[in-house]
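I have placed the structure first, in the form of structure tokens, so that the comments after it can refer back to it.
Residue numbers (this note's numbering): 7 to 319.
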């Protein structure tokens, strides 16, 4: 099979466009690097009228009331309904493992509940506390400046409470409690149980001109057409492109392996296009694998060569 090889050499090739891949894209493109983002699924923009499902009525479904096989309803924005047709995975006999792969631009940041909590000091030193696992090689104080930057970049609502292991941050105002919430807040406080607002990466006030403010439609699972909730595509990758960053996106492109040279160093990636089923190669000075733990491991194991007979890593 003929492999089509790109002549362009990117400063960085990033595999995956979710939380890790999106943040890497934003930071590196803003620093002036020429970035290629390789995503296994299709292009996705929550405000694209061709795919937008926010604020649609049930009768607008092409099924017209018939049952759907999509796990979370007809209008959930996970392509394939959380299962990817034609891309099965195996389970060891006698085990149960369900793997949700969000193959689409932005990855699983399109679907999570936006709860945005910091690790506290105790979380980094679990072994000291209960003897289980291992301590992190660094503590909260070393990570705090980066948490602060992320709060400001993404926009997280909440309140500063001075709690030891739920550290304060740079928060937007939280939404006002609803009526039923006021009742259980009152009851909890009578019993001496502290109640604080959730901390979520949803905008309750503007932080820039690119994103709107939440209007409480209760349809976060359909993805937000005004970019009020955080997702990697709408809040990291698209802004990097709009602000002049050199970002080229390759969608429907399943990376097979990291290519290496005679010294065993990474030179790029090889991917299969889901559109024409042909193999392509991209060249890069640096390769960032951000394709989730399982898929990144798959790519590393596939990346066999004379220098790396068992794969990379």
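Here a beta-carbon is modelled for each residue, glycine too, at the ideal position from N, C-alpha and C. These numbers come from a predicted model, not from an experiment.
Under 8 Å between the Cβ atoms of residue i and residue j?
{"i": "residue 28", "j": "residue 45", "result": "no"}
{"i": "residue 305", "j": "residue 205", "result": "no"}
{"i": "residue 261", "j": "residue 280", "result": "no"}
{"i": "residue 154", "j": "residue 126", "result": "no"}
{"i": "residue 284", "j": "residue 14", "result": "no"}
{"i": "residue 43", "j": "residue 31", "result": "yes"}
{"i": "residue 287", "j": "residue 12", "result": "yes"}
{"i": "residue 274", "j": "residue 311", "result": "no"}
{"i": "residue 111", "j": "residue 50", "result": "yes"}
{"i": "residue 314", "j": "residue 266", "result": "yes"}
{"i": "residue 194", "j": "residue 218", "result": "no"}
{"i": "residue 161", "j": "residue 207", "result": "yes"}
{"i": "residue 97", "j": "residue 103", "result": "yes"}
{"i": "residue 237", "j": "residue 59", "result": "no"}
{"i": "residue 17", "j": "residue 254", "result": "no"}
{"i": "residue 179", "j": "residue 163", "result": "yes"}
Does DSSP classify residue i as helix, strand or coil?
{"i": "residue 149", "result": "helix"}
{"i": "residue 236", "result": "coil"}
{"i": "residue 113", "result": "helix"}
{"i": "residue 195", "result": "helix"}
{"i": "residue 244", "result": "helix"}
{"i": "residue 202", "result": "coil"}
{"i": "residue 221", "result": "coil"}
{"i": "residue 212", "result": "coil"}
{"i": "residue 187", "result": "helix"}
{"i": "residue 61", "result": "coil"}
{"i": "residue 160", "result": "helix"}
{"i": "residue 282", "result": "coil"}
{"i": "residue 136", "result": "helix"}
For the beta strand (DSSP E) containing residue i, list its first residue and its last residue.
{"i": "residue 40", "result": "40 to 44"}
{"i": "residue 259", "result": "259 to 266"}
{"i": "residue 131", "result": "Residue 131 -> no beta strand (DSSP E), and no H or E assigned at all."}
{"i": "residue 32", "result": "Where residue 32 is concerned, there is no enclosing beta strand (DSSP E), although the alpha helix (DSSP H) it sits in stretches over 25 to 36."}
Compare the Cα-Cα distances from residue i to each of the options and report the closest residue.
{"i": "residue 61", "options": "232, 145, 251 and 95", "result": "232"}
{"i": "residue 263", "options": "246, 252 and 319", "result": "319"}
{"i": "residue 146", "options": "290, 112, 128 and 133", "result": "128"}
{"i": "residue 117", "options": "24, 64, 164 and 202", "result": "24"}
{"i": "residue 148", "options": "130, 104 and 139", "result": "130"}
{"i": "residue 181", "options": "94, 210 and 63", "result": "210"}
{"i": "residue 52", "options": "202, 167, 315 and 113", "result": "113"}
{"i": "residue 246", "options": "16, 37, 10 and 18", "result": "37"}
{"i": "residue 172", "options": "192, 236 and 124", "result": "124"}
{"i": "residue 94", "options": "308, 293, 202 and 301", "result": "301"}
{"i": "residue 165", "options": "201, 139 and 54", "result": "201"}
{"i": "residue 272", "options": "132, 59, 151 and 295", "result": "295"}
{"i": "residue 19", "options": "316, 299, 252 and 282", "result": "252"}
{"i": "residue 258", "options": "214, 156 and 278", "result": "278"}
{"i": "residue 215", "options": "40, 241, 222 and 179", "result": "241"}
{"i": "residue 227", "options": "68, 119 and 55", "result": "119"}
{"i": "residue 248", "options": "134, 35, 299 and 224", "result": "35"}
{"i": "residue 26", "options": "239, 68 and 99", "result": "239"}
Bridge partners for residue i per DSSP, in chain order?
{"i": "residue 288", "result": "275"}
{"i": "residue 252", "result": "40"}
{"i": "residue 90", "result": "According to DSSP, which records beta bridges pairwise, residue 90 is partnered with nothing at all."}
{"i": "residue 177", "result": "162"}
{"i": "residue 171", "result": "According to DSSP, which records beta bridges pairwise, residue 171 is partnered with nothing at all."}
{"i": "residue 295", "result": "21"}
Specify, as a first and last residue, the run of the alpha helix (DSSP H) that residue i falls within.
{"i": "residue 12", "result": "From DSSP, residue 12 is part of no alpha helix (DSSP H) but of the beta strand (DSSP E) over 9 to 21."}
{"i": "residue 302", "result": "299 to 308"}
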